[in-house]
Amino acid sequence: QKTPASSDIMKVNKASSLSKARSTTYCAFRSIAKFLLVVVGSVTITSCVVSRIHGITNEAPTNVNVLVHQAGILRRQGSNANHITNIPPVSDAGISDGLVVHETKPRHKNTLIDFAIGGFPKCGTTTMMKRLSENPQVFMGGPQGSRAVDEVNMLRHNDREQEFFDLYSTERINEHTNLAGPNGKVLKLMVGFKGPEMMRMEDFFTNVVNLFPAIDLILSLRHPVLHFESNYNFRLRNADLDEKLKLIETQHLIGNCGHDCKNNCTPKFEYIAKRSRAHKHDDDTCTYSSTFQYGLSRLSLTPMESEELALLDHHQMTIHPEWSGRLFLMETGQIADKDQVRHGRLERSFEEFLGLEANSFTTDETAEEIADYQSHHKFIHICDDEHHEVRKVLVELGAKGAHWIKDYLLESDRIVVPNKDHFIELIDKWGVDPCDKH
Numbered sequence: 001q002k003t004p005a006s007s008d009i010m011k012v013n014k015a016s017s018l019s020k021a022r023s024t025t026y027c028a029f030r031s032i033a034k035f036l037l038v039v040v041g042s043v044t045i046t047s048c049v050v051s052r053i054h055g056i057t058n059e060a061p062t063n064v065n066v067l068v069h070q071a072g073i074l075r076r077q078g079s080n081a082n083h084i085t086n087i088p089p090v091s092d093a094g095i096s097d098g099l100v101v102h103e104t105k106p107r108h109k110n111t112l113i114d115f116a117i118g119g120f121p122k123c124g125t126t127t128m129m130k131r132l133s134e135n136p137q138v139f140m141g142g143p144q145g146s147r148a149v150d151e152v153n154m155l156r157h158n159d160r161e162q163e164f165f166d167l168y169s170t171e172r173i174n175e176h177t178n179l180a181g182p183n184g185k186v187l188k189l190m191v192g193f194k195g196p197e198m199m200r201m202e203d204f205f206t207n208v209v210n211l212f213p214a215i216d217l218i219l220s221l222r223h224p225v226l227h228f229e230s231n232y233n234f235r236l237r238n239a240d241l242d243e244k245l246k247l248i249e250t251q252h253l254i255g256n257c258g259h260d261c262k263n264n265c266t267p268k269f270e271y272i273a274k275r276s277r278a279h280k281h282d283d284d285t286c287t288y289s290s291t292f293q294y295g296l297s298r299l300s301l302t303p304m305e306s307e308e309l310a311l312l313d314h315h316q317m318t319i320h321p322e323w324s325g326r327l328f329l330m331e332t333g334q335i336a337d338k339d340q341v342r343h344g345r346l347e348r349s350f351e352e353f354l355g356l357e358a359n360s361f362t363t364d365e366t367a368e369e370i371a372d373y374q375s376h377h378k379f380i381h382i383c384d385d386e387h388h389e390v391r392k393v394l395v396e397l398g399a400k401g402a403h404w405i406k407d408y409l410l411e412s413d414r415i416v417v418p419n420k421d422h423f424i425e426l427i428d429k430w431g432v433d434p435c436d437k438h
C-alpha cells in the first residue's frame, strides 16, 4: 500500500482544521444568534406603538367541527384554531422619536383579538364599549361610518371574515391607539370588539371561537324581568316611523324567538320586520331573549351533570370546550352601584382583567347619555297587571339561572367576578318579581 506523502498529510490536516474552524464558527454564530434573540425578546421597548404584523402563509385551515349529542346538549369538539390569516404585512414605517417593533414571522390570526364584550344586549354593553374606546390603550374597531365606535357583527356570518380583519388592520389599530405612558412607559395594547348577541347566536360564537380560541370575554347580566322590558321597548324605539306599530301582548312572547329556533318558537320578526336596521340574523323579543344561562353554558366551564342539565332545560345550543379564555362576569346592578368604594373595586378589577392603567376606566355614563336614556319612550311598563303572566315565567327562568350560576358556573377558576358577594346578592333577586311591592 502506498504511503501518503507528507504534503498529502498536511493537506488532510489543513482541511480537517478548516472544517473544525468552520464548525466552531457556526456553533459560535448560533450561540450569538440565540443570545440576541433572548436579549431582543427581553429588551424594554421605548416606543409608543407596538405593531401586530400578520404575514402571508399558504397553510390550509384546519376545520374539524364534530357535533356530539351529550345528555340533550350539542357539544362541539375541535376547531380551526391553527388557521392563519392572509393579511398582507405592513411596511416598516418608523416613528421619529421611538422604535417601532415589528414581528417579522407570520402571526396566527387567533392572537389578533384580546377580548370581546360578548353580551348580553341591554345589559350595559354599549356603555362599556364607549368607555373602552375612549381609552388610548384600547382599539374597539375604530370609527365606522358616522359612528365613532359601534358593534362589530361581521362574524355573525360565515362569509364576512375578511371584512372583519380589514377593520382590524395594523394601520387602523396604530392610528386609533396611543401607547405612550408616563415617564417613557409603554402601555399594553388591548384589541377587542362588542358583539352583544354573540352568546345567543349559534354561528356567531362558533365563528369567534374558531378564530380566537383563547379570547377573553366580558359578559354582563340583568334581572330577566327588567331585561325583557328594556328589550321590548328598545325594539320598538328603533322601528321605522312610517310603520304602524303593533304592540304584541307579552303573553304571546313566552318561548323562543332566536333566528335558529327549533322548539317552542314565538312568531318571528314581529318587531324586527319593522326595524330600520333589522336583518334576518337578529333575535326578536321573547322570554328566551332574557335567559342568560343557556348562552353562558356554551363556554363549557361546568361538568354538565344531570341536575345541571335540568336547570339548563336541555337546550340544543352547541358548547365549546376548545374555548380557553377567561370570563369577566358582572350584573348590571353593579354598574349602577351607589356604594362608591364597591363601585371603585369593580372598575379596578376590570382594569386588572384587561391590563389597563389604574384609574383609566369608568362605567359612569355622561350627562348626555343619561339625558338620552331618560328621554326614551316606554311602550310598556312591565309592572302593569297585563304583564303578570310573562313576569311569572321570567322569574321562574331567573331562579333557575341564578341557581345554575351559583352552584356550577362560579366554581370555575377561569371566571373573574368583581365584588362576588354583591353579585350573588343581585342574582338571588332574579327569583323574585321586582314588581312585587310586598
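In this text, residue positions in the sequence shown follow full-length UniProt numbering: the first is 1, and each later residue adds one.
Think of the CB as a built atom: it goes at the ideal place given N, C-alpha and C, for glycine as much as any other residue.
Only a predicted model underlies this, so the values are computations on that prediction, with no experimental measurement involved.
Check	Outcome
So which of Phe165, Asn153, Gly192, Cys286 has the shortest CA-CA distance to threonine 130?	Per the sequence presented here, residue 130 reads as lysine, with threonine not at that position. Per the Cα distances, Gly192.
Is alanine 116 helix, strand or coil when you go by DSSP?	strand
According to DSSP, simplified to helix, strand and coil, what is aspartate 421?	helix
How long is the line joining the alpha carbons of lysine 429 and isoleucine 405, rounded to whole angstroms?	13 Å
So, helix, strand or coil for lysine 194, using DSSP?	strand
With H, G and I counted as helix, E and B as strand and the rest as coil, what does DSSP make of aspartate 166?	helix
Spatial neighbours of leucine 354 within its chain, please: C-beta separation below 6 Å, excluding the five flanking residues on both sides.	Met190
How would you label residue 443, buried or exposed, when you count the other beta carbons within 10 angstroms and need 16 or more for buried?	No information on residue 443 is available, as it lies outside the stretch 1 to 438 that the chain covers here.
Which one of Gly184, Lys185, Asn256 has the shortest CA to CA distance from aspartate 313?	Asn256
Tell me which residues share the same chain as aspartate 150 and place their Cβ nearer than 6 Å to its Cβ, disregarding the 5 neighbours each side in the sequence.	Gln144
Ordered along the chain, which non-local residues of its own chain (more than five positions away) have a Cβ less than 6 Å from that of glutamate 161?	none
Indicate the three-state DSSP secondary structure (helix, strand or coil) for asparagine 256 in the structure shown.	strand
Just checking my contact of leucine 346 with asparagine 135 at CB under 8 Å: how many whole Å lie between their CB atoms?	Not quite, the Cβ-Cβ distance comes to about 16 Å (not below 8 Å), so this is no contact.
Got a sec, what are the start and stop residues for the beta strand (DSSP E) phenylalanine 328 sits in?	327-331
Within the chosen definition, does the stretch 219-237 reach the stretch 168-188 through at least 3 CB pairs nearer than 8 Å?	no
Between valine 208 and lysine 437, what straight-line distance do the alpha-carbon atoms span, to the nearest angstrom?	43 Å
With a threshold of 7 Å on Cβ separation, who are the neighbours of glycine 72 within its own chain once the five nearest residues in sequence on each side are excluded?	Unreliable placement is indicated for glycine 72, whose pLDDT of 38 sits below 50; the coordinate value is still reported in the next sentence. Excluding sequence neighbours, glycine 72 sits near Leu309, His314.
As a quick exercise: from Phe361, His376, Leu329, pick the residue whose alpha carbon is nearest that of glycine 344.	Phe361
Report whether the distance from the Cβ of tyrosine 232 to the nearest heavy atom of the ligand ADP is below 8 Å.	With respect to the ligand ADP, the structure shown offers nothing to examine, as it has no ligands at all.
Taking leucine 226 as the reference, give the member of Ser300, His157, Thr332, Ser375 with the closest Cα.	Thr332
Give me the residue from Ile370, Ile254, Gly325, Asp166 with the minimum Cα distance to threonine 126.	Ile370
Checking the sheet assignment: what are the DSSP bridge partners for leucine 217?	Ala116, Leu327
So, at 7 Å on beta carbons, what are the nonlocal neighbours of lysine 378 in its own chain, with the 5 sequence-adjacent residues on each side left out?	Asn233
Just verifying my parser: in three-state terms, what is the DSSP assignment at residue 441?	With the chain represented from 1 up to 438, any question about residue 441 goes unanswered, as that position is not in the structure.
In terms of residues, what are the limits of the alpha helix (DSSP H) holding lysine 392?	388-407
Express the C-alpha separation of threonine 206 and glutamate 197 in angstroms, rounding to a whole number.	12 Å
Would you mind working out which of Ile218, Lys420, Gly195 sits nearest asparagine 153, comparing C-alpha positions?	Gly195
Using CA coordinates, which residue listed in Gln251, Gly401, Val395 is at the minimum distance from aspartate 433?	Val395
So, threonine 302 versus leucine 409, is the Cβ gap smaller than 9 Å?	yes
In angstroms, rounded to a whole number, what distance separates the CA positions of glutamate 386 and alanine 367?	34 Å
In whole angstroms, what is the alpha-carbon distance linking arginine 414 and methionine 128?	21 Å
Would you please state the rounded distance, in angstroms, between the beta carbons of isoleucine 218 and glycine 118? I believe it to be under 8 Å.	7 Å
On a CA-only basis, which of Cys435, Asp284, Lys338 is nearest histidine 422? Give me that one, please.	Lys338
What does glutamine 144 pair with, by DSSP beta-bridge criteria?	Arg147
Nearest to glutamate 352 by CA position, among Gly142, Ser289, Leu327, Phe120, is which residue?	Leu327
Please state whether DSSP places aspartate 433 in a helix, a strand or coil.	coil
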